[in-house]
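53 is the number that numbering that gives the first Met the number 0 gives to position 54 of the sequence shown; each next residue is one higher, with no gaps. As structure tokens, the structure follows; a few thoughts come after it.
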Amino acid sequence: MILGIFDSGIGGLTVLKEILKKNSFDKIIYFGDTARLPYGEKSKEELLDIAKENVGFLLSKGAEKIVIACGTVSSNVLEELKKDYNIEIIGIVDALIEGTKEKTINNKIGIIATSATIKTHIFKNKLNGYHVYEMSCPKFTPLIESGKLDSKEMDDAINEYLKPLKDEGVDTLILGCTHYPILSNKIKKYFDYPINLINSGVIIADNLFDGKIKNPELEIYCSGSIEDFKNNSKYLEIENINEIKKY
Ligand code: DGL
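What follows is the structure, encoded as structure tokens:
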């Protein structure tokens with residue numbers, strides 16, 4: 000089985016990393032659309048056009064199943080996309096909801112995601128009956144993708160976005176954008192009490208595992224600078240990323 004995965008950039012690698020731990024596929028094709036990021040500031044129409052192009056690209060490379068490792072595309076246009084293709088297309092929203100319901104104890108949940116995701120209120124709607132605090136974090140992805148993970152700007156952005164959620168005492172935080180697991184350690188440190196971070200990759204990898212261990216061949220493409228993609232993805236320590244091809 001060949002799996003296709005796409006995101007606006009290196010964020011989806013947080014999902015790929017978890018899927019690789021389970022080794023459930025013969026081959027995995029990853030596409031990071033860095034030339035067009037951030038997706039989080041785009042309209043629904045733009046996102047649908049882009050998502051169709053990306054799915055088309057992955058299909059042309061032989062993908063038989065697709066994971067949209069992008070919260071923005073998953074929350075905005077997954078249902079529309081599913082109608083157009085007769086292969087399985089998996090988004091990250093349901094995995095995040097599943098993980099959140101399992102973990103929260105005080106039923107106070109924070110959701111951090113891109114502006115385009117928060118605008119849909121999809122998490123709040125699906126978590127009816129819980130106290131859900133939404134926060135869009137437009138600075139996170141551009142900072143991660145420009146190599147500013149460890150910077151004062153990042154620390155300031157973390158304080159700006161997470162302080163209101165800390166003040167509310169959320170016990171569970173949905174990482175609604177696949178770039179955000181890269182910030183896990185920083186986020187955990189920022190909350191001065193234990194917090195559950197919900198990473199879609201972990202749940203998706205579990206759900207996709209068919210019990211048969213395989214050793215997938217990996218093919219990675221990006222649409223922007225290959226050098227930047229390589230440098231920024233180093234932090235994720237995915238062993239088999241050596242060759243990255245131009246989209
Ligand atoms: N990683 C993506 C997401 O999960 C997109 C971030 C962006 O490009 O704005 O939403």
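Every residue, glycine too, gets a C-beta built ideally from N, C-alpha and C.
{"Item": "Contacts around Ile117, its chain only, beta-carbon distance under 6 Å, and the 5 residues preceding and following it disregarded", "Value": "Glu133 and Ser135"}
{"Item": "Per-residue DSSP class, three states only, for Tyr28", "Value": "The amino acid at residue 28 is misidentified as Tyr; the sequence shows Ile. In this structure, Ile28 counts as strand in the three-state DSSP scheme."}
{"Item": "Enclosing beta strand (DSSP E) for Met134 [first to last residue]", "Value": "His130 to Ser135"}
{"Item": "Best match in Lys82, Ile1, Gly109 and Tyr84 for proximity to Cys176 [C-alpha to C-alpha]", "Value": "Gly109"}
{"Item": "Beta bridge counterpart(s) of Tyr220 as assigned by DSSP", "Value": "Phe30 and Lys244"}
{"Item": "Through-space distance from Ile28 to Leu261, alpha-carbon basis", "Value": "Residue 261 falls outside the range modelled here, since the chain spans only 0 to 246, and no answer is possible."}
{"Item": "Within 8 Å, strictly: CB atoms of Ser183 and Ala94", "Value": "no"}
{"Item": "Every unbroken alpha helix (DSSP H) inside the segment 149–191 [4 residues or more]", "Value": "151–167 and 183–189"}
{"Item": "Close beta carbons around Ile89, own chain, < 6 Å, minus the five adjacent residues each side", "Value": "Val66"}
{"Item": "Residue from Lys123, Gly61 and Ala50 whose Cα sits closest to the Cα of Val72", "Value": "Ala50"}
{"Item": "Distance cut-off 7 Å: Asp205 Cβ against heavy atoms of the ligand DGL", "Value": "no"}
{"Item": "Glu87: first and last residue of the uninterrupted beta strand (DSSP E) it sits in", "Value": "Glu87 to Ile89"}
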